[in-house]
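According to the numbering used here, the sequence shown holds residues 101 to 675 in order.
We put the CB at the ideal spot given by N, CA and C, even for glycine.
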Amino acid sequence: MLARLLAVSIVVAACSIAATAWLAIQTTSVAIQQEQGQAISSGNRIYEDLVAYAARHPSWDGVRTEVSVLAQETGRRIVLTDQNRRIIVDSEPGGHPLPVSASAGVDALSVDQSFAPDRISPSAIGPYALSQDDIAFLSGLAQRALDCVRNRGAVGTITELPSGRPRIQSPDAANCAKTLNQPVKSEQAALEQLDGLVNECLSRQHLPPVAVDLDFSWQVQAAQAAPSGVAPERDDQRVQDCVTTGRHEQLTPFVAPAALLFVTSPGGSVTPSTFDLSAGNKVRIGLAAGGVLAVTILITVLAGRRFTRPLRALTAAAQRMRDGDVSASVRIRRRDEIGRLAGAFNDMAASRAQVERLRTDLISDIAHELRTPLSNIRGWLEATQDGVSEPDEALIASLLEEAVLLQHIIDDLQDLAQADAGTLRLHREPVSLTELTAQVCAAHRARADAAGIELRGDGDGEISADPVRLRQVVDNLVTNAIRHTGPGGVVRIEARRESKHAFVAVSDTGSGIAGEDLPHVFDRFWRAEKSRSRQTGGSGLGLSIVKKLVEAHGGTVGVDSVLGEGSRFWVRVPG
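Written out as C-alpha coordinates, the structure is:
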(Lines of atoms letter the chains of each structure in order from A and count residues from 1; the text may use other names and numbers.)
(Lines give C-alpha, C1' and ligand atoms only; values in the text may rest on other atoms or scores of the structure.)
Protein backbone atom coordinates (compact mmCIF):
# COMPACT_ATOMS: atom_id res chain seq x y z
CA MET A 1 0.00 0.00 0.00
CA LEU A 2 2.86 2.37 0.83
CA ALA A 3 4.38 1.72 -2.60
CA ARG A 4 1.07 2.40 -4.35
CA LEU A 5 0.49 5.54 -2.28
CA LEU A 6 4.00 6.74 -3.10
CA ALA A 7 3.57 5.97 -6.81
CA VAL A 8 0.23 7.77 -7.01
CA SER A 9 1.59 10.77 -5.10
CA ILE A 10 4.65 11.00 -7.35
CA VAL A 11 2.51 10.82 -10.50
CA VAL A 12 0.06 13.45 -9.21
CA ALA A 13 2.87 15.72 -8.01
CA ALA A 14 4.85 15.33 -11.22
CA CYS A 15 1.81 16.07 -13.38
CA SER A 16 0.83 19.05 -11.23
CA ILE A 17 4.34 20.51 -11.22
CA ALA A 18 4.77 19.92 -14.96
CA ALA A 19 1.38 21.47 -15.74
CA THR A 20 2.09 24.46 -13.51
CA ALA A 21 5.54 24.97 -15.03
CA TRP A 22 4.14 24.64 -18.56
CA LEU A 23 1.35 27.13 -17.87
CA ALA A 24 3.81 29.53 -16.28
CA ILE A 25 6.15 29.26 -19.26
CA GLN A 26 3.36 29.68 -21.80
CA THR A 27 1.79 32.61 -19.96
CA THR A 28 5.14 34.30 -19.49
CA SER A 29 6.08 33.70 -23.12
CA VAL A 30 2.88 35.29 -24.40
CA ALA A 31 3.27 38.19 -22.00
CA ILE A 32 6.88 38.73 -23.12
CA GLN A 33 6.03 38.59 -26.83
CA GLN A 34 2.80 40.61 -26.89
CA GLU A 35 2.67 42.83 -23.80
CA GLN A 36 6.18 43.98 -23.02
CA GLY A 37 5.03 47.59 -22.70
CA GLN A 38 2.45 46.61 -20.06
CA ALA A 39 4.90 44.99 -17.61
CA ILE A 40 5.00 48.10 -15.43
CA SER A 41 2.21 50.35 -14.20
CA SER A 42 3.37 53.42 -16.11
CA GLY A 43 3.41 51.43 -19.34
CA ASN A 44 -0.15 50.28 -18.66
CA ARG A 45 -1.33 53.83 -18.14
CA ILE A 46 0.37 55.04 -21.33
CA TYR A 47 -1.18 52.21 -23.30
CA GLU A 48 -4.69 52.74 -21.89
CA ASP A 49 -4.65 56.51 -22.42
CA LEU A 50 -3.47 56.21 -26.03
CA VAL A 51 -6.05 53.52 -26.80
CA ALA A 52 -8.74 55.80 -25.37
CA TYR A 53 -7.46 58.65 -27.55
CA ALA A 54 -7.50 56.42 -30.64
CA ALA A 55 -11.08 55.39 -29.87
CA ARG A 56 -12.26 59.02 -29.72
CA HIS A 57 -10.40 60.47 -32.72
CA PRO A 58 -10.30 59.47 -36.40
CA SER A 59 -6.56 60.30 -36.65
CA TRP A 60 -3.42 60.92 -34.59
CA ASP A 61 -3.17 64.58 -35.59
CA GLY A 62 -3.76 66.02 -32.11
CA VAL A 63 -2.04 63.35 -30.03
CA ARG A 64 1.20 65.30 -29.40
CA THR A 65 -0.25 67.14 -26.40
CA GLU A 66 -1.49 63.87 -24.90
CA VAL A 67 1.92 62.21 -25.39
CA SER A 68 3.80 65.16 -23.89
CA VAL A 69 1.67 65.09 -20.73
CA LEU A 70 2.10 61.32 -20.36
CA ALA A 71 5.87 61.51 -20.89
CA GLN A 72 6.21 64.24 -18.31
CA GLU A 73 4.09 62.41 -15.71
CA THR A 74 5.65 58.95 -16.20
CA GLY A 75 9.25 59.99 -16.91
CA ARG A 76 9.37 57.80 -20.02
CA ARG A 77 10.19 58.44 -23.64
CA ILE A 78 7.04 57.73 -25.67
CA VAL A 79 7.19 57.16 -29.41
CA LEU A 80 4.19 56.40 -31.59
CA THR A 81 4.72 55.10 -35.16
CA ASP A 82 2.56 53.69 -37.90
CA GLN A 83 2.74 50.04 -38.92
CA ASN A 84 5.76 50.82 -41.12
CA ARG A 85 7.60 52.39 -38.14
CA ARG A 86 7.22 55.91 -39.50
CA ILE A 87 7.14 58.22 -36.49
CA ILE A 88 3.80 59.86 -35.72
CA VAL A 89 4.92 61.56 -32.52
CA ASP A 90 8.06 61.37 -30.33
CA SER A 91 8.23 62.86 -26.85
CA GLU A 92 12.04 63.20 -27.32
CA PRO A 93 12.69 63.97 -30.99
CA GLY A 94 16.17 63.01 -32.13
CA GLY A 95 16.65 60.48 -29.36
CA HIS A 96 18.23 57.07 -29.59
CA PRO A 97 17.07 54.67 -32.32
CA LEU A 98 13.93 52.72 -31.54
CA PRO A 99 14.26 49.14 -30.24
CA VAL A 100 13.62 46.21 -32.55
CA SER A 101 10.34 45.20 -30.88
CA ALA A 102 7.51 47.56 -30.08
CA SER A 103 6.28 47.78 -26.52
CA ALA A 104 2.69 47.30 -27.67
CA GLY A 105 0.32 47.82 -30.54
CA VAL A 106 -2.22 50.64 -30.14
CA ASP A 107 -5.45 49.76 -31.95
CA ALA A 108 -8.85 50.78 -30.57
CA LEU A 109 -10.42 47.90 -32.50
CA SER A 110 -7.98 45.25 -31.27
CA VAL A 111 -7.33 45.77 -27.57
CA ASP A 112 -6.44 43.10 -25.06
CA GLN A 113 -9.37 40.87 -24.09
CA SER A 114 -8.90 41.90 -20.46
CA PHE A 115 -10.24 45.33 -21.53
CA ALA A 116 -13.07 44.07 -23.77
CA PRO A 117 -14.14 40.49 -24.61
CA ASP A 118 -14.70 41.42 -28.29
CA ARG A 119 -11.37 43.36 -28.31
CA ILE A 120 -13.13 46.60 -29.32
CA SER A 121 -12.43 49.47 -26.93
CA PRO A 122 -15.58 50.53 -25.05
CA SER A 123 -14.57 54.14 -25.76
CA ALA A 124 -14.93 53.55 -29.51
CA ILE A 125 -18.50 54.78 -29.98
CA GLY A 126 -18.36 56.18 -33.53
CA PRO A 127 -21.86 56.88 -34.91
CA TYR A 128 -23.44 56.00 -31.55
CA ALA A 129 -22.35 59.29 -29.96
CA LEU A 130 -25.38 61.26 -28.75
CA SER A 131 -26.10 64.92 -29.26
CA GLN A 132 -26.66 67.18 -26.27
CA ASP A 133 -30.38 67.27 -27.03
CA ASP A 134 -30.54 63.46 -27.05
CA ILE A 135 -28.57 63.29 -23.81
CA ALA A 136 -30.91 65.78 -22.15
CA PHE A 137 -33.96 63.86 -23.38
CA LEU A 138 -32.60 60.51 -22.19
CA SER A 139 -31.52 61.99 -18.85
CA GLY A 140 -35.13 62.96 -18.18
CA LEU A 141 -36.26 59.42 -19.02
CA ALA A 142 -33.53 58.04 -16.78
CA GLN A 143 -34.65 60.17 -13.83
CA ARG A 144 -38.24 58.98 -14.24
CA ALA A 145 -37.07 55.38 -14.50
CA LEU A 146 -34.99 55.82 -11.33
CA ASP A 147 -38.05 57.25 -9.52
CA CYS A 148 -40.01 54.19 -10.68
CA VAL A 149 -37.33 51.86 -9.31
CA ARG A 150 -37.30 53.63 -5.97
CA ASN A 151 -41.11 53.64 -5.78
CA ARG A 152 -40.93 49.86 -6.08
CA GLY A 153 -38.73 49.79 -2.99
CA ALA A 154 -35.53 48.97 -4.89
CA VAL A 155 -32.20 50.78 -4.91
CA GLY A 156 -30.73 52.17 -8.13
CA THR A 157 -28.26 54.66 -9.59
CA ILE A 158 -27.76 56.40 -12.93
CA THR A 159 -24.50 55.75 -14.77
CA GLU A 160 -23.35 57.11 -18.13
CA LEU A 161 -21.98 55.08 -21.03
CA PRO A 162 -19.11 56.44 -23.18
CA SER A 163 -21.70 57.48 -25.79
CA GLY A 164 -23.39 59.76 -23.24
CA ARG A 165 -26.42 57.47 -22.86
CA PRO A 166 -27.62 57.20 -19.23
CA ARG A 167 -28.28 53.75 -17.79
CA ILE A 168 -30.10 52.58 -14.65
CA GLN A 169 -28.10 50.28 -12.39
CA SER A 170 -30.70 48.28 -10.45
CA PRO A 171 -32.06 44.71 -10.34
CA ASP A 172 -35.52 46.15 -11.08
CA ALA A 173 -34.37 48.32 -14.00
CA ALA A 174 -35.94 46.10 -16.68
CA ASN A 175 -39.46 46.89 -15.46
CA CYS A 176 -38.97 50.66 -15.30
CA ALA A 177 -36.47 51.47 -18.07
CA LYS A 178 -38.23 50.05 -21.13
CA THR A 179 -38.66 53.50 -22.73
CA LEU A 180 -35.15 54.55 -21.72
CA ASN A 181 -33.65 51.49 -23.40
CA GLN A 182 -35.19 52.35 -26.78
CA PRO A 183 -32.66 53.78 -29.30
CA VAL A 184 -32.99 57.41 -30.37
CA LYS A 185 -33.03 58.36 -34.03
CA SER A 186 -29.26 58.62 -34.46
CA GLU A 187 -28.70 55.31 -32.66
CA GLN A 188 -31.40 53.64 -34.74
CA ALA A 189 -29.69 54.76 -37.93
CA ALA A 190 -26.36 53.41 -36.68
CA LEU A 191 -27.96 50.09 -35.72
CA GLU A 192 -29.60 49.78 -39.14
CA GLN A 193 -26.23 50.36 -40.76
CA LEU A 194 -24.68 47.72 -38.49
CA ASP A 195 -27.52 45.29 -39.28
CA GLY A 196 -26.72 45.66 -42.96
CA LEU A 197 -23.03 44.94 -42.45
CA VAL A 198 -23.71 41.97 -40.18
CA ASN A 199 -26.40 40.41 -42.36
CA GLU A 200 -24.23 40.79 -45.45
CA CYS A 201 -21.58 38.74 -43.61
CA LEU A 202 -24.19 36.18 -42.53
CA SER A 203 -25.60 35.88 -46.02
CA ARG A 204 -22.19 34.86 -47.33
CA GLN A 205 -22.22 32.03 -44.75
CA HIS A 206 -25.81 31.01 -45.50
CA LEU A 207 -27.03 32.04 -42.06
CA PRO A 208 -30.34 33.78 -41.32
CA PRO A 209 -30.30 37.58 -40.77
CA VAL A 210 -30.27 39.03 -37.27
CA ALA A 211 -31.13 42.31 -35.57
CA VAL A 212 -28.48 43.87 -33.32
CA ASP A 213 -29.50 45.67 -30.11
CA LEU A 214 -27.92 48.69 -28.44
CA ASP A 215 -25.80 46.45 -26.21
CA PHE A 216 -24.63 44.65 -29.39
CA SER A 217 -26.42 41.47 -28.47
CA TRP A 218 -28.45 40.00 -31.32
CA GLN A 219 -31.50 37.98 -32.16
CA VAL A 220 -32.77 36.32 -35.34
CA GLN A 221 -35.23 38.54 -37.18
CA ALA A 222 -38.68 37.04 -36.66
CA ALA A 223 -39.95 37.86 -40.13
CA GLN A 224 -36.98 36.30 -41.92
CA ALA A 225 -36.60 32.63 -42.75
CA ALA A 226 -33.33 30.79 -42.94
CA PRO A 227 -32.00 30.21 -46.47
CA SER A 228 -32.87 26.85 -47.98
CA GLY A 229 -30.44 24.07 -47.21
CA VAL A 230 -29.33 25.62 -43.91
CA ALA A 231 -29.60 23.59 -40.76
CA PRO A 232 -32.35 24.86 -38.42
CA GLU A 233 -29.88 25.58 -35.63
CA ARG A 234 -27.84 28.77 -36.02
CA ASP A 235 -24.13 28.95 -35.45
CA ASP A 236 -23.87 31.39 -32.54
CA GLN A 237 -20.10 31.76 -32.79
CA ARG A 238 -20.19 32.62 -36.49
CA VAL A 239 -22.98 35.13 -35.88
CA GLN A 240 -20.93 36.74 -33.10
CA ASP A 241 -17.91 36.87 -35.41
CA CYS A 242 -20.02 38.67 -38.02
CA VAL A 243 -21.24 41.16 -35.40
CA THR A 244 -17.64 41.88 -34.39
CA THR A 245 -16.56 42.22 -38.04
CA GLY A 246 -19.49 44.54 -38.75
CA ARG A 247 -18.58 46.75 -35.80
CA HIS A 248 -15.00 46.90 -37.07
CA GLU A 249 -16.19 48.09 -40.48
CA GLN A 250 -18.61 50.60 -38.94
CA LEU A 251 -16.12 52.07 -36.45
CA THR A 252 -13.02 52.16 -38.65
CA PRO A 253 -13.74 55.68 -40.04
CA PHE A 254 -14.19 57.01 -36.49
CA VAL A 255 -11.00 55.72 -34.83
CA ALA A 256 -7.32 56.40 -35.37
CA PRO A 257 -5.42 53.85 -37.45
CA ALA A 258 -3.43 51.15 -35.68
CA ALA A 259 -0.02 52.28 -34.45
CA LEU A 260 3.07 50.89 -32.71
CA LEU A 261 3.99 52.13 -29.23
CA PHE A 262 7.56 52.31 -27.97
CA VAL A 263 8.11 53.09 -24.30
CA THR A 264 11.74 53.47 -23.22
CA SER A 265 13.69 55.14 -20.48
CA PRO A 266 14.90 58.68 -21.22
CA GLY A 267 18.30 57.20 -22.12
CA GLY A 268 16.76 55.02 -24.78
CA SER A 269 16.75 51.54 -23.17
CA VAL A 270 13.60 49.48 -23.28
CA THR A 271 11.69 49.06 -20.04
CA PRO A 272 13.01 45.67 -18.85
CA SER A 273 10.77 42.67 -18.55
CA THR A 274 10.43 41.12 -15.15
CA PHE A 275 11.28 37.69 -16.56
CA ASP A 276 12.76 36.13 -19.69
CA LEU A 277 12.98 32.55 -20.93
CA SER A 278 16.74 32.39 -21.15
CA ALA A 279 18.56 29.07 -20.81
CA GLY A 280 19.47 29.95 -17.22
CA ASN A 281 15.85 30.66 -16.30
CA LYS A 282 14.75 27.41 -17.90
CA VAL A 283 17.32 25.54 -15.80
CA ARG A 284 16.11 27.32 -12.67
CA ILE A 285 12.51 26.36 -13.49
CA GLY A 286 13.59 22.73 -13.86
CA LEU A 287 15.57 22.77 -10.61
CA ALA A 288 12.67 24.36 -8.71
CA ALA A 289 10.23 21.80 -10.10
CA GLY A 290 12.61 18.96 -9.20
CA GLY A 291 13.06 20.33 -5.68
CA VAL A 292 9.31 20.55 -5.15
CA LEU A 293 8.92 17.00 -6.44
CA ALA A 294 11.65 15.72 -4.09
CA VAL A 295 10.05 17.40 -1.07
CA THR A 296 6.68 15.97 -2.13
CA ILE A 297 8.14 12.46 -2.32
CA LEU A 298 9.79 12.79 1.11
CA ILE A 299 6.60 14.05 2.75
CA THR A 300 4.60 11.30 1.03
CA VAL A 301 6.95 8.60 2.33
CA LEU A 302 6.81 9.90 5.90
CA ALA A 303 3.05 10.42 5.82
CA GLY A 304 2.49 7.08 4.08
CA ARG A 305 4.43 5.17 6.73
CA ARG A 306 2.43 6.91 9.45
CA PHE A 307 -0.84 6.12 7.70
CA THR A 308 -0.05 2.49 6.88
CA ARG A 309 1.36 1.49 10.30
CA PRO A 310 -2.09 1.25 11.97
CA LEU A 311 -3.48 -0.38 8.83
CA ARG A 312 -0.83 -3.08 9.10
CA ALA A 313 -1.80 -3.59 12.75
CA LEU A 314 -5.45 -3.89 11.70
CA THR A 315 -4.52 -6.40 9.01
CA ALA A 316 -2.56 -8.52 11.50
CA ALA A 317 -5.47 -8.47 13.98
CA ALA A 318 -7.91 -9.45 11.22
CA GLN A 319 -5.69 -12.36 10.25
CA ARG A 320 -5.54 -13.53 13.88
CA MET A 321 -9.33 -13.36 14.03
CA ARG A 322 -9.52 -15.36 10.80
CA ASP A 323 -7.31 -18.01 12.40
CA GLY A 324 -9.71 -18.35 15.33
CA ASP A 325 -8.43 -15.82 17.88
CA VAL A 326 -11.73 -14.24 18.97
CA SER A 327 -9.88 -11.97 21.42
CA ALA A 328 -7.93 -10.22 18.63
CA SER A 329 -7.99 -6.41 18.95
CA VAL A 330 -5.85 -3.36 18.17
CA ARG A 331 -4.66 -0.50 20.33
CA ILE A 332 -6.30 2.83 19.45
CA ARG A 333 -3.78 5.68 19.38
CA ARG A 334 -5.45 8.05 16.94
CA ARG A 335 -8.71 9.95 16.72
CA ASP A 336 -8.93 10.30 12.94
CA GLU A 337 -10.65 8.05 10.40
CA ILE A 338 -8.12 5.24 10.95
CA GLY A 339 -8.62 5.50 14.71
CA ARG A 340 -12.37 5.22 14.21
CA LEU A 341 -11.77 2.24 11.92
CA ALA A 342 -9.69 0.60 14.67
CA GLY A 343 -12.48 1.29 17.16
CA ALA A 344 -15.02 -0.24 14.78
CA PHE A 345 -12.78 -3.30 14.40
CA ASN A 346 -12.53 -3.70 18.17
CA ASP A 347 -16.30 -3.37 18.46
CA MET A 348 -16.72 -5.98 15.73
CA ALA A 349 -14.26 -8.29 17.47
CA ALA A 350 -16.07 -7.89 20.80
CA SER A 351 -19.42 -8.47 19.09
CA ARG A 352 -18.05 -11.57 17.36
CA ALA A 353 -16.75 -12.90 20.66
CA GLN A 354 -20.13 -12.26 22.26
CA VAL A 355 -21.92 -13.95 19.35
CA GLU A 356 -19.60 -16.92 19.72
CA ARG A 357 -20.41 -17.16 23.43
CA LEU A 358 -24.13 -16.85 22.70
CA ARG A 359 -23.86 -19.54 20.03
CA THR A 360 -22.11 -21.88 22.45
CA ASP A 361 -24.67 -21.16 25.16
CA LEU A 362 -27.53 -21.63 22.68
CA ILE A 363 -26.25 -25.03 21.59
CA SER A 364 -25.81 -26.04 25.22
CA ASP A 365 -29.33 -24.83 26.11
CA ILE A 366 -30.92 -26.61 23.16
CA ALA A 367 -29.06 -29.82 24.01
CA HIS A 368 -30.24 -29.62 27.62
CA GLU A 369 -33.85 -28.80 26.73
CA LEU A 370 -34.02 -31.73 24.33
CA ARG A 371 -32.06 -34.11 26.59
CA THR A 372 -34.44 -33.88 29.55
CA PRO A 373 -37.69 -35.03 27.85
CA LEU A 374 -35.80 -37.54 25.70
CA SER A 375 -34.11 -39.00 28.78
CA ASN A 376 -37.47 -39.30 30.52
CA ILE A 377 -39.06 -41.01 27.52
CA ARG A 378 -36.10 -43.37 27.11
CA GLY A 379 -36.00 -44.19 30.83
CA TRP A 380 -39.69 -45.12 31.02
CA LEU A 381 -39.54 -47.10 27.78
CA GLU A 382 -36.50 -49.07 29.01
CA ALA A 383 -38.23 -49.67 32.36
CA THR A 384 -41.29 -50.97 30.51
CA GLN A 385 -39.13 -53.13 28.25
CA ASP A 386 -37.34 -54.61 31.28
CA GLY A 387 -40.66 -55.29 32.99
CA VAL A 388 -39.95 -52.85 35.80
CA SER A 389 -42.93 -50.70 34.88
CA GLU A 390 -46.30 -51.49 33.40
CA PRO A 391 -47.54 -49.52 30.35
CA ASP A 392 -50.62 -48.22 32.13
CA GLU A 393 -52.55 -45.01 31.43
CA ALA A 394 -50.41 -42.94 33.83
CA LEU A 395 -47.20 -43.98 32.04
CA ILE A 396 -48.67 -43.31 28.62
CA ALA A 397 -49.90 -39.89 29.78
CA SER A 398 -46.43 -39.07 31.14
CA LEU A 399 -44.74 -40.13 27.91
CA LEU A 400 -47.25 -38.08 25.89
CA GLU A 401 -46.57 -35.04 28.06
CA GLU A 402 -42.82 -35.35 27.41
CA ALA A 403 -43.44 -35.80 23.65
CA VAL A 404 -45.68 -32.72 23.58
CA LEU A 405 -42.94 -30.75 25.35
CA LEU A 406 -40.43 -31.90 22.73
CA GLN A 407 -42.81 -30.86 19.95
CA HIS A 408 -43.35 -27.51 21.64
CA ILE A 409 -39.60 -26.83 21.80
CA ILE A 410 -39.12 -27.83 18.15
CA ASP A 411 -42.04 -25.63 17.01
CA ASP A 412 -40.65 -22.67 18.96
CA LEU A 413 -37.20 -23.14 17.44
CA GLN A 414 -38.73 -23.33 13.97
CA ASP A 415 -40.65 -20.08 14.52
CA LEU A 416 -37.46 -18.35 15.67
CA ALA A 417 -35.50 -19.71 12.71
CA GLN A 418 -38.10 -18.37 10.28
CA ALA A 419 -38.08 -14.98 11.98
CA ASP A 420 -34.27 -14.81 11.90
CA ALA A 421 -34.20 -15.77 8.22
CA GLY A 422 -36.90 -13.27 7.30
CA THR A 423 -39.19 -15.98 5.92
CA LEU A 424 -41.91 -15.58 8.53
CA ARG A 425 -44.99 -14.70 6.48
CA LEU A 426 -47.89 -12.72 7.85
CA HIS A 427 -51.46 -12.90 6.56
CA ARG A 428 -53.07 -9.69 7.71
CA GLU A 429 -56.81 -9.35 8.12
CA PRO A 430 -59.14 -7.46 10.46
CA VAL A 431 -58.89 -8.83 14.01
CA SER A 432 -61.37 -7.94 16.75
CA LEU A 433 -59.51 -7.21 19.96
CA THR A 434 -62.66 -8.04 21.93
CA GLU A 435 -62.87 -11.52 20.39
CA LEU A 436 -59.12 -12.02 20.75
CA THR A 437 -59.27 -11.29 24.49
CA ALA A 438 -62.29 -13.56 24.97
CA GLN A 439 -60.66 -16.46 23.08
CA VAL A 440 -57.43 -16.24 25.08
CA CYS A 441 -59.34 -16.09 28.38
CA ALA A 442 -61.42 -19.10 27.40
CA ALA A 443 -58.35 -21.08 26.37
CA HIS A 444 -56.48 -20.44 29.63
CA ARG A 445 -59.44 -20.36 32.03
CA ALA A 446 -59.19 -24.00 33.10
CA ARG A 447 -55.47 -23.80 33.80
CA ALA A 448 -55.85 -20.53 35.71
CA ASP A 449 -58.70 -21.94 37.81
CA ALA A 450 -56.68 -25.05 38.57
CA ALA A 451 -53.82 -22.86 39.82
CA GLY A 452 -56.16 -20.70 41.91
CA ILE A 453 -55.53 -17.63 39.73
CA GLU A 454 -58.16 -15.09 38.68
CA LEU A 455 -58.01 -14.42 34.92
CA ARG A 456 -59.54 -11.16 33.64
CA GLY A 457 -59.89 -9.87 30.10
CA ASP A 458 -60.88 -6.51 28.63
CA GLY A 459 -60.70 -5.83 24.87
CA ASP A 460 -62.09 -3.17 22.53
CA GLY A 461 -61.47 -2.14 18.92
CA GLU A 462 -60.15 -3.75 15.76
CA ILE A 463 -56.72 -4.03 14.10
CA SER A 464 -55.25 -5.35 10.85
CA ALA A 465 -52.85 -8.17 11.77
CA ASP A 466 -52.14 -11.87 11.32
CA PRO A 467 -54.77 -13.39 13.65
CA VAL A 468 -52.81 -16.62 14.25
CA ARG A 469 -49.54 -14.87 15.09
CA LEU A 470 -51.23 -12.20 17.21
CA ARG A 471 -53.08 -14.94 19.14
CA GLN A 472 -49.72 -16.71 19.60
CA VAL A 473 -48.23 -13.51 21.07
CA VAL A 474 -51.01 -13.09 23.62
CA ASP A 475 -51.08 -16.84 24.42
CA ASN A 476 -47.36 -16.82 25.20
CA LEU A 477 -47.67 -13.75 27.43
CA VAL A 478 -50.64 -15.21 29.34
CA THR A 479 -48.91 -18.60 29.69
CA ASN A 480 -45.85 -16.86 31.08
CA ALA A 481 -47.96 -14.78 33.51
CA ILE A 482 -49.87 -17.82 34.86
CA ARG A 483 -46.63 -19.76 35.22
CA HIS A 484 -45.10 -17.05 37.46
CA THR A 485 -48.22 -16.20 39.51
CA GLY A 486 -49.08 -18.07 42.67
CA PRO A 487 -52.49 -19.09 44.03
CA GLY A 488 -54.74 -16.12 44.81
CA GLY A 489 -53.02 -13.97 42.19
CA VAL A 490 -54.57 -12.09 39.30
CA VAL A 491 -53.65 -12.11 35.59
CA ARG A 492 -55.26 -9.39 33.48
CA ILE A 493 -55.39 -8.98 29.69
CA GLU A 494 -55.92 -5.48 28.21
CA ALA A 495 -56.37 -4.90 24.47
CA ARG A 496 -57.46 -1.61 22.92
CA ARG A 497 -57.06 0.55 19.84
CA GLU A 498 -54.81 3.63 20.19
CA SER A 499 -54.79 5.91 17.13
CA LYS A 500 -52.99 3.86 14.45
CA HIS A 501 -51.77 1.15 16.83
CA ALA A 502 -53.18 -1.68 18.91
CA PHE A 503 -52.03 -1.83 22.53
CA VAL A 504 -52.05 -5.21 24.28
CA ALA A 505 -50.85 -5.67 27.86
CA VAL A 506 -50.73 -8.74 30.12
CA SER A 507 -50.13 -7.99 33.79
CA ASP A 508 -49.84 -10.30 36.78
CA THR A 509 -49.37 -10.13 40.53
CA GLY A 510 -46.71 -12.82 40.54
CA SER A 511 -43.07 -12.93 41.59
CA GLY A 512 -41.89 -10.07 39.40
CA ILE A 513 -38.46 -9.64 37.80
CA ALA A 514 -35.36 -8.03 39.27
CA GLY A 515 -34.25 -4.81 37.63
CA GLU A 516 -30.91 -6.22 36.48
CA ASP A 517 -32.74 -9.09 34.75
CA LEU A 518 -35.18 -6.95 32.73
CA PRO A 519 -32.82 -6.45 29.74
CA HIS A 520 -32.59 -10.25 29.33
CA VAL A 521 -36.22 -11.37 29.56
CA PHE A 522 -36.56 -11.62 25.76
CA ASP A 523 -33.29 -13.55 25.32
CA ARG A 524 -33.54 -17.15 24.17
CA PHE A 525 -33.53 -19.80 26.91
CA TRP A 526 -33.24 -17.13 29.58
CA ARG A 527 -35.06 -17.78 32.87
CA ALA A 528 -35.25 -15.75 36.04
CA GLU A 529 -34.33 -18.92 37.93
CA LYS A 530 -30.65 -19.58 37.25
CA SER A 531 -30.85 -23.35 37.61
CA ARG A 532 -32.02 -25.72 34.91
CA SER A 533 -34.56 -27.38 37.20
CA ARG A 534 -37.49 -26.00 35.17
CA GLN A 535 -39.52 -25.52 38.30
CA THR A 536 -41.80 -23.11 36.46
CA GLY A 537 -41.81 -25.15 33.26
CA GLY A 538 -41.52 -23.76 29.74
CA SER A 539 -38.76 -23.88 27.15
CA GLY A 540 -37.34 -20.40 27.68
CA LEU A 541 -38.31 -19.45 24.11
CA GLY A 542 -41.82 -18.05 24.54
CA LEU A 543 -40.86 -14.41 25.14
CA SER A 544 -38.23 -14.52 22.37
CA ILE A 545 -40.95 -15.66 19.99
CA VAL A 546 -43.22 -12.86 21.22
CA LYS A 547 -40.55 -10.29 20.38
CA LYS A 548 -39.89 -11.71 16.91
CA LEU A 549 -43.60 -11.91 16.02
CA VAL A 550 -44.24 -8.35 17.19
CA GLU A 551 -41.23 -7.05 15.25
CA ALA A 552 -42.47 -8.91 12.16
CA HIS A 553 -45.66 -6.84 12.48
CA GLY A 554 -43.54 -3.67 12.72
CA GLY A 555 -44.36 -3.23 16.41
CA THR A 556 -42.56 -3.01 19.72
CA VAL A 557 -42.63 -5.01 22.94
CA GLY A 558 -41.58 -4.15 26.48
CA VAL A 559 -41.89 -5.06 30.14
CA ASP A 560 -42.34 -3.21 33.43
CA SER A 561 -41.78 -5.17 36.62
CA VAL A 562 -41.16 -4.84 40.34
CA LEU A 563 -39.60 -7.78 42.14
CA GLY A 564 -42.15 -9.37 44.49
CA GLU A 565 -45.10 -7.32 43.13
CA GLY A 566 -45.65 -8.57 39.60
CA SER A 567 -44.93 -7.80 35.95
CA ARG A 568 -46.63 -6.09 33.03
CA PHE A 569 -45.70 -7.09 29.47
CA TRP A 570 -47.00 -4.75 26.74
CA VAL A 571 -47.12 -4.83 22.95
CA ARG A 572 -47.80 -2.10 20.37
CA VAL A 573 -48.64 -3.27 16.87
CA PRO A 574 -49.40 -0.90 13.94
CA GLY A 575 -52.42 -1.56 11.82
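With a 10 Å radius around the Cβ and a threshold of 16 neighbouring Cβ atoms, GLN321 comes out exposed. A residue is called buried when at least 16 other Cβ atoms come within 10 angstroms of its Cβ; GLU166 meets this threshold and is buried. Taking the Cβ atoms as the reference, THR534 lies roughly 6 Å from ASP560, within the contact range of under 8 Å.
Note on geometry: alpha-carbon atoms of ARG252 and GLN243 lie some 14 Å from one another. Cβ-Cβ distances below 6 Å link ALA483 to SER489 in the same chain, with the five nearest sequence neighbours on each side left out; the list follows chain order. Ranked by how close their Cα comes to the Cα of ALA467, the residues SER451, LEU506, ILE496, MET448 have LEU506 in first place. The residue from GLU148, ASP423, SER532, GLY557 with its alpha-carbon nearest to that of ALA449 is ASP423. Separation of the CB atoms of VAL430 and LEU411 is rounded to 10 Å, and the pair is thereby denied contact status at 8 Å. In its chain, beyond the 5 residues on either side, LEU291, GLN319 have a beta carbon closer than 8 Å to the beta carbon of ASP313. Here GLY226 is actually not in contact with LEU297; their C-beta atoms are around 12 Å apart, not less than 8 Å. VAL179 and ASP190 do touch by the CB rule: their CB atoms are close to 5 Å apart, below 8 Å. For ASP660, the secondary structure class from DSSP, reduced to helix, strand or coil, is strand. Residue pairing for ASP161: DSSP places it in no beta bridge. Spanning the alpha carbons of ASP515 and HIS527 requires a straight line of approximately 15 Å. When beta bridges are read from the DSSP output, GLU594 appears opposite ASP558, ALA605. The beta-carbon separation of ARG672 and PHE603, rounded to 6 Å, stays under the 8 Å limit for a contact. Here SER451 carries a helix assignment [DSSP, helix/strand/coil]. By the neighbour-count criterion, in which 16 or more other beta carbons inside 10 Å mark a residue as buried, ASN275 falls on the exposed side.
In this structure, ARG668 lies away from ASP623, with their beta-carbon atoms at least 9 Å apart. Excluding residues up to 5 positions away in sequence, LEU555, GLY557, ILE593 lie with their Cβ nearer than 7 Å to the Cβ of CYS541 in the same chain. Taking the CA atoms as reference points, LEU351 sits about 50 Å from ALA113. Taking C-beta separations shorter than 6 Å and ignoring five residues to either side along the sequence, GLN282 has no partners in its chain. Judged by beta-carbon spacing, LEU360 lies within the 9 Å limit of GLN183, meaning their Cβ atoms are closer than that value. For the options ARG338, GLU665, ASP520, ALA229, the alpha carbon positioned closest to that of VAL355 is the one of ALA229.
Take the alpha-carbon of VAL255 and the one of ALA277: they are about 14 Å apart. Between the alpha carbons of LEU643 and ARG459 lies a distance of about 18 Å.
Around GLY443, the same chain offers ILE432 as residues with beta carbons nearer than 8 Å, after the five sequence neighbours per side are excluded. Taking a 10 Å sphere around the C-beta of ILE187, we find fewer than 16 other C-beta atoms and assign the residue as exposed. Note: GLN269 is bridge-paired with THR257 in the DSSP secondary-structure output. Runs of beta strand (DSSP E) with 3 or more residues, each lying fully within the stretch 186 to 270, are found at 187 to 190, 204 to 206, 257 to 260, 266 to 269, listed in chain order.
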